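Trainee: Numbering (my numbering), first residue to last: 55 to 193.
Ideal Cβ placement from N, Cα and C applies to all residues, glycine included.
Model, not experiment: these values are computed from the prediction.
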Amino acid sequence: SPLPGTIVINLGEMLQLLSGGRYRATVHRVLSNVGTGRDRISVPYFFNPRLDFEVGELLGAIEEVAAKAKAKAATASPSSSPGKSDTHGGRNALLGTYGDNAFKSLARSHPEVLERHHPDLQLVDGAVVERGRRRRRGD
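(1) Relative to the C-alpha of Gly-66, which residue among Arg-104, Lys-122, Ala-156, Glu-108 is closest?
(2) In terms of alpha-carbon separation, which member of Thr-151, Asn-64, Leu-85 lies closest to Arg-76?
(3) With distances taken Cα to Cα, identify the nearest neighbour of Asp-154 among Gly-74, Ser-163, Ala-79, Phe-107.
(4) Return yes when the Cβ of Leu-160 is within less than 8 Å of the Cβ of Val-167, no when it is not.
(5) Buried or exposed: where does Gly-137 fall if 16 or more other Cβ atoms within 10 Å of its Cβ makes it buried?
(6) Hey, does Ala-181 have any beta-carbon neighbour from chain B nearer than 8 Å?
(7) So, at 8 Å on beta carbons, what are the nonlocal neighbours of Pro-165 in its own chain, with the 5 sequence-adjacent residues on each side left out?
(8) Report the rounded CA-to-CA distance for Thr-151 versus Met-68, giving the unit in angstroms.
(9) Helix, strand or coil for Val-109, going by three-state DSSP, please let me know.
(10) Compute the Euclidean distance between the alpha carbons of Ser-73 and Leu-105, then round it to the nearest angstrom.
(11) Can you give me the start and stop residues for the alpha helix (DSSP H) that Ala-161 sits inside?
(12) Take Arg-162 and list the residues in its own chain whose beta-carbon comes closer than 8 Å to its own, dropping the five residues that flank it on each side.
(13) Quick one: Cα of His-171 to Cα of Arg-185, how far?
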């Protein structure tokens, strides 16, 4: 539930991958304040690189960030790992290629659009797969 006097900034899954999990994309739901007499300000920011961009490309270009992310991942305690509430009930794969991740997010948020335009695909365990398959290709 909302905390008075707070600002929530959802940075998105690409930054979560880039930071080695230090900054997390949160599960969020926008609720209207209509009729409450309270203001709600929303300022969206989206990091949308080219569709075939892989997070590893940027990690390799920024060695200091990569080293810190590796160190953070190596020393992470279980409590700092994303929980099921952070990953849509444990059913949200974080995919390193931006286009794959964006398509998965669209499919998760708008299942009726996936069904209408891609009847050959389905969402399984947070990943888009061919209908009838239980896993992504290569898994």
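Mentor: Walking through what the data contain:
(1) As a working note, residue 66 is residue 12 in the sequence shown. The shortest C-alpha separation from Gly-66 is found at Ala-156.
(2) The count along the sequence shown starts at 1 and reaches residue 76 at position 22. Shortest Cα-Cα distance from Arg-76 to any of Thr-151, Asn-64, Leu-85 involves Asn-64.
(3) Taking the sequence shown and counting its residues from 1, the one referred to as residue 154 is at position 100. Considering only Gly-74, Ser-163, Ala-79, Phe-107, the residue with the shortest C-alpha distance to Asp-154 is Phe-107.
(4) In the sequence shown, the residue the question calls residue 167 occupies position 113. In the sequence shown, the residue the question calls residue 160 occupies position 106. Contact check for Val-167 against Leu-160 passes: the beta carbons are separated by less than 8 Å.
(5) By one-based count along the sequence shown, residue 137 stands at place 83. Any reading at Gly-137 is ruled out, since the residue's pLDDT is 48, under 50, leaving its predicted position unreliable.
(6) Going by chain labels, chain B is absent from the structure shown, which holds only one protein chain.
(7) If you number the sequence shown from 1, residue 165 lands on position 111. Contacts found: Leu-177.
(8) By 1-based counting over the sequence shown, the position of residue 151 is 97. By 1-based counting over the sequence shown, the position of residue 68 is 14. Roughly 9 Å separates the two Cα atoms.
(9) Indexing the sequence shown from 1 puts residue 109 at position 55. Residue state, collapsed to three classes: helix.
(10) As a working mapping, residue 73 is identified with position 19 in the sequence shown. As a working mapping, residue 105 is identified with position 51 in the sequence shown. Distance between the alpha carbons of Ser-73 and Leu-105: 20 Å.
(11) Taking the sequence shown and counting its residues from 1, the one referred to as residue 161 is at position 107. Taken as a continuous stretch (DSSP letters only), the alpha helix (DSSP H) holding Ala-161 covers 152-163.
(12) By 1-based counting over the sequence shown, the position of residue 162 is 108. The answer, listed in chain order, is His-142, Asn-146, Leu-177, Gly-180.
(13) Within the sequence shown, numbered from 1, the residue matching residue 171 stands at position 117. Within the sequence shown, numbered from 1, the residue matching residue 185 stands at position 131. Taking the straight line joining both Cα atoms gives about 13 Å.
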